[in-house]
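One structure is given here, and the rest of the page talks about it.
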Amino acid sequence: MVRFKAQEPNLNRLKIVLIGLAFLSAVLPTTGAQEAKDSAGSPMQGVHEIQVTLRKYEFTPGSLRVKKGERVRLIMAAVDHDHGFKLDDFDINQKVRKGTTAIVDFTADKSGTFQFRCSNVCGLGHRGMKGTLIVEE
Ligand SMILES: [Cu+2]
1057 MVRFKAQEPN
1067 LNRLKIVLIG
1077 LAFLSAVLPT
1087 TGAQEAKDSA
1097 GSPMQGVHEI
1107 QVTLRKYEFT
1117 PGSLRVKKGE
1127 RVRLIMAAVD
1137 HDHGFKLDDF
1147 DINQKVRKGT
1157 TAIVDFTADK
1167 SGTFQFRCSN
1177 VCGLGHRGMK
1187 GTLIVEE
């Protein structure tokens, strides 16, 4: 009686093809995801955008420099904890939750050096979490 000997090599070949496909799909770049452009990151015209990272216990950059009269947009990302951005001279107090980004828009309508600080208690170093806004004439 003839056994189904022929089946085994076929199965092995199929296995190799499947493994090969799995390997290829892992190696090939996912072009679809890359084409999704981050349109949210495109700068608004006439607005001075500054990205600020908030983490224990510092703002990065810690010194923000803009020109008087500029419209300013701060795009703030809190990395490790809920933080806040408090800039009294411009009546700004914005909470930034951990893992999220918050946007603050204001017009730098006066020149000088102004201090901002974290307004959400974020740990032992919270009081030292400060930065400076410099508005140049
Ligand atoms: Cu903080």
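Numbered according to this note's numbering, the sequence shown spans residues 1057 to 1193. The beta carbon of each residue, even a glycine, is placed where N, CA and C say it ideally should be. The structure displayed is predicted, hence computed values, not measured ones.
Assuming the contact rule is C-beta atoms closer than 8 angstroms, residue i and residue j should be a hit. Round their C-beta distance to whole Å, please.
{"i": "residue 1135", "j": "residue 1168", "result": "At roughly 29 angstroms, the Cβ-Cβ gap does not stay under 8 angstroms, so residue 1135 and residue 1168 are not in contact."}
{"i": "residue 1150", "j": "residue 1141", "result": "5 angstroms"}
{"i": "residue 1170", "j": "residue 1145", "result": "4 angstroms"}
{"i": "residue 1137", "j": "residue 1166", "result": "So it is not a contact: roughly 31 angstroms between Cβ atoms."}
{"i": "residue 1164", "j": "residue 1125", "result": "7 angstroms"}
Applying the criterion that 16 or more other CB atoms from any shown protein chain within 10 Å of the CB defines a buried residue, is residue i buried or exposed?
{"i": "residue 1119", "result": "exposed"}
{"i": "residue 1175", "result": "buried"}
{"i": "residue 1177", "result": "exposed"}
{"i": "residue 1180", "result": "exposed"}
{"i": "residue 1128", "result": "buried"}
{"i": "residue 1108", "result": "buried"}
{"i": "residue 1122", "result": "buried"}
At least 3 beta-carbon pairs within less than 8 angstroms: the segment 1180 to 1188 vs the segment 1151 to 1159: Not touching, per the Cβ criterion.
Contact shell at 6 angstroms, judged by CB to any heavy atom of ligand 1, ordered along the chain: Every residue passing the under-6 angstroms Cβ criterion appears here: 1139, 1174, 1176, 1178, 1182 and 1185.
Completely contained beta strand (DSSP E) runs for the segment 1101 to 1169, where each covers 3 or more residues: Runs of the beta strand (DSSP E) inside the segment 1101 to 1169: 1103 to 1111, 1114 to 1116, 1119 to 1123, 1127 to 1134, 1139 to 1143, 1148 to 1152 and 1157 to 1163.
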